[in-house]
Every structure is written in structure tokens, then in C-alpha cells.
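This report refers to the structure that appears directly beneath it.
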Amino acid sequence: MTVLERFSYSGLESYKKCPAQFKFRYIDNIRKPDEGIEAFMGKRVHEALEFLYTEVSSGRLPFIDSVFDHYEKMWNDQWHERIAIAKRGERKEDYFRLGEDCIARFYRNNQPFSDPVEGIELEMDFMLDSDESYRMKGILDRLDHDGQGNYEIHDYKTGKRALNQNQADNDGQLALYQIALEQQRDNVKSVALVWHFVRYGIVVRSKRTTEQLRQLVGSMKKRIDEIRFNEKEGGEFPAKPMILCNWCYYWEECPQKKGSNPFIK
Ligand code: SF4
Numbered sequence: 065m066t067v068l069e070r071f072s073y074s075g076l077e078s079y080k081k082c083p084a085q086f087k088f089r090y091i092d093n094i095r096k097p098d099e100g101i102e103a104f105m106g107k108r109v110h111e112a113l114e115f116l117y118t119e120v121s122s123g124r125l126p127f128i129d130s131v132f133d134h135y136e137k138m139w140n141d142q143w144h145e146r147i148a149i150a151k152r153g154e155r156k157e158d159y160f161r162l163g164e165d166c167i168a169r170f171y172r173n174n175q176p177f178s179d180p181v182e183g184i185e186l187e188m189d190f191m192l193d194s195d196e197s198y199r200m201k202g203i204l205d206r207l208d209h210d211g212q213g214n215y216e217i218h219d220y221k222t223g224k225r226a227l228n229q230n231q232a233d234n235d236g237q238l239a240l241y242q243i244a245l246e247q248q249r250d251n252v253k254s255v256a257l258v259w260h261f262v263r264y265g266i267v268v269r270s271k272r273t274t275e276q277l278r279q280l281v282g283s284m285k286k287r288i289d290e291i292r293f294n295e296k297e298g299g300e301f302p303a304k305p306m307i308l309c310n311w312c313y314y315w316e317e318c319p320q321k322k323g324s325n326p327f328i329k
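Its first residue numbered 65, the sequence shown is counted upward by one per residue in the numbering used here.
Here it is as C-alpha cells:
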């Protein structure tokens with residue numbers, strides 16, 4: 065299966081921001097060994113929280129020290145030479161400590177972790193409108209279920225930007241996971257969408273109506289149709305320069321840029 069037969073929310077969002085970047089990554093399949101340190105740190109924090117909840121679900125409540133140990137081990141095991149720090153003056157150690165702070169704050173705010181967790185890091189493979197030609201994939205950070213059909217989809221964000229209520233009410237990612245959940249489970253009575261902005265200890269909750277989900281499916285299908293049309297008919301995937309170019313690894317391929325990205329060290 066090629067990637068254009070199965071889409072992810074992040075892929076479709078990258079198309080919206082810069083179609084050229086989407087094409088380099090998902091159609092031309094140009095893979096770069098580079099990775100931003102914010103993304104690297106975010107993955108390690110996710111692994112630490114996964115470890116924490118796996119321990120809890122096995123009946124053990126780990127001390128925070130052992131969560132830190134797991135984080136440090138994964139950080140060292142996964143570290144590689146192509147991790148970029150785009151911000152001048154910031155160091156690897158600063159990001160390591162930032163990740164530790166995120167874990168400590170989450171631990172403090174959520175102990176004793178008595179949430180009814182049903183799954184961690186769940187891979188979702190689903191269709192839009194139950195149509196096989198609109199297949200999507202995603203990874204859900206945590207799914208809670210009270211056993212009575214009431215679910216909560218939890219997402220951990222380590223980035224600088226926290227969504228406000230209005231932005232969360234209009235965000236598509238967790239809403240798509242709700243669509244996946246309702247497709248895969250019987251008797252879903254309610255679904256809450258919960259974001260944990262772990263840098264700040266902020267939790268934002270939202271819900272979606274059936275009509276909102278219907279509109280989201282419509283807009284995602286429209287974007288997929290546009291991508292497929294452009295790919296098939298040789299249409300345009302224009303480069304759209306923006307601030308996020310500083311974090312883009314496709315400067316060599318981009319018609320709007322010259323040479324390699326000077327912001328990536
Ligand atoms: S450098 Fe900027 S304009 Fe070029 S592909 Fe990357 S994000 Fe798009």
C-alpha cells in the first residue's frame with residue numbers, strides 16, 4: 065500500500081500549510097535523517113508516560129525516579145547525530161531538562177493515576193464515511209473507558225503552543241480519532257477529547273456533535289480528493305514560504321530556497 069492510499073491527520077495538515085513539503089515527504093517519499101530536538105524530546109516524554117501507565121496497569125505505581133530513569137535511558141538510546149536545534153543559544157541539555165519538567169508536572173498533577181485506562185499508544189486504522197477509498201491512520205496516546213460506553217481520548221502535547229478552548233473545539237486530530245473509535249466499538253455513548261499541554265500542566269477538554277464530525281469528514285475527503293487529483297493530473301504542489309520553513313528539511317528540494325537550511329545546526 066502506498067502512502068497515498070492511507071493518510072494521516074498530520075500529513076493532511078502539512079499539505080494545507082505547504083503542498084510542496086507534503087509532496088517531497090509523502091509522494092516523492094524523500095526521507096531525511098534529520099529530526100528537530102523538540103520532536104525528539106516529545107517522543108521521549110510520550111515513551112516515559114507510556115512506561116508509567118503500563119506499570120500502573122500491571123498493578124505497580126512507579127516512583128517518579130524510575131520514570132525519569134526510563135526517560136533518560138530512552139533519550140540516550142535513541143540519540144543520533146542528525147538531531148537539529150533550530151533555536152540559537154539553546155542546548156541539548158536544556159531540552160532534556162524541559163522533558164523532565166514535563167514528566168514531573170504530569171506526575172504531580174495526575175497521581176495516583178486511577179484513570180480507567182483501556183489502551184496506550186493505540187494504532188488506529190479507519191475509514192472516512194466507512195469508505196475503503198478514504199483510509200486513514202493515526203496513533204492515539206491514551207484511551208480511557210468507564211466500562212459503560214463513556215470514552216475519553218487523551219493526547220499529550222509537549223510543544224510550546226497550548227490550544228485555547230476555541231482552538232480545541234475546532235481541532236481535527238482527536239475528532240478524527242473519535243470517528244475511528246465510533247467505527248470500531250459498539251455502544252459508544254459519549255466521547256470526550258482531552259489535551260494535556262504538559263509544559264504548562266494545562267488540560268483542555270472538548271466534545272464534538274455528529275454534525276461537526278460530518279463536516280470534518282467532508283473537509284478531509286475534499287483535501288484527499290484534491291491531492292489525488294493533483295498527483296494524477298500533474299497538478300501544482302506549490303511551495304508556501306512561512307516561519308515553519310526554519311524547521312523544514314527540504315530546502316535542497318524546495319524551489320523557494322537555496323542550499324541547505326541554515327537554521328538547522
Ligand atoms: S522550505 Fe518552506 S516553502 Fe519550502 S518546502 Fe519547506 S515549508 Fe515549504
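We treat Cβ as the ideally placed atom computed from N, Cα and C, and that holds for glycine.
Who are the near neighbours of residue i in its chain, counting only those whose CB is closer than 8 Å to its CB and skipping five residues on each side?
{"i": "N228", "result": "V268"}
{"i": "M65", "result": "Unreliable positioning characterises M65 in this predicted model, as indicated by a pLDDT of 36, which lies under 50. The coordinate reading is nonetheless provided below. So the list is empty, once near-sequence residues are dropped."}
{"i": "K271", "result": "S254, V255, A256, L257"}
Suppose the cutoff is 6 Å on Cβ atoms and the five residues either side in sequence are ignored; what does the same chain contact list for residue i look like?
{"i": "V67", "result": "Legend: pLDDT at V67 = 46, less than 50; position of this residue unreliable, value from coordinates given subsequently. Within the same chain, V67 has close Cβ partners Y90."}
{"i": "K87", "result": "F301"}
Please name the residue, chosen from the options, that lies closest to residue i on a Cα-to-Cα basis.
{"i": "Y314", "options": "K96, K151, L76", "result": "K96"}
{"i": "I101", "options": "R124, R152, S121, Q231", "result": "R152"}
{"i": "E196", "options": "R70, N325, G323", "result": "R70"}
{"i": "M191", "options": "F132, G282, M306, A150", "result": "G282"}
{"i": "R249", "options": "K285, Y264, Q212, Q279", "result": "Q212"}
Can you tell me whether DSSP reads residue i as helix, strand or coil?
{"i": "I196", "result": "Reading the sequence as shown, one finds Glu at residue 196 and not Ile. In this structure, E196 counts as strand in the three-state DSSP scheme."}
{"i": "L277", "result": "helix"}
{"i": "M306", "result": "coil"}
{"i": "E182", "result": "strand"}
{"i": "A148", "result": "strand"}
{"i": "V262", "result": "coil"}
Hey, is residue i close to ligand 1, as in C-beta under 7 Å from one of its heavy atoms?
{"i": "L308", "result": "yes"}
{"i": "K304", "result": "yes"}
{"i": "C166", "result": "no"}
{"i": "Y90", "result": "no"}
{"i": "A84", "result": "yes"}
{"i": "Q142", "result": "no"}
{"i": "Y79", "result": "no"}
{"i": "K96", "result": "no"}
{"i": "Y314", "result": "yes"}
{"i": "K321", "result": "yes"}
Quick one: what's got a C-beta closer than 7 Å to residue i's C-beta in the same chain, skipping five residues either side?
{"i": "D92", "result": "none"}
{"i": "Q85", "result": "S78, C312, Y314"}
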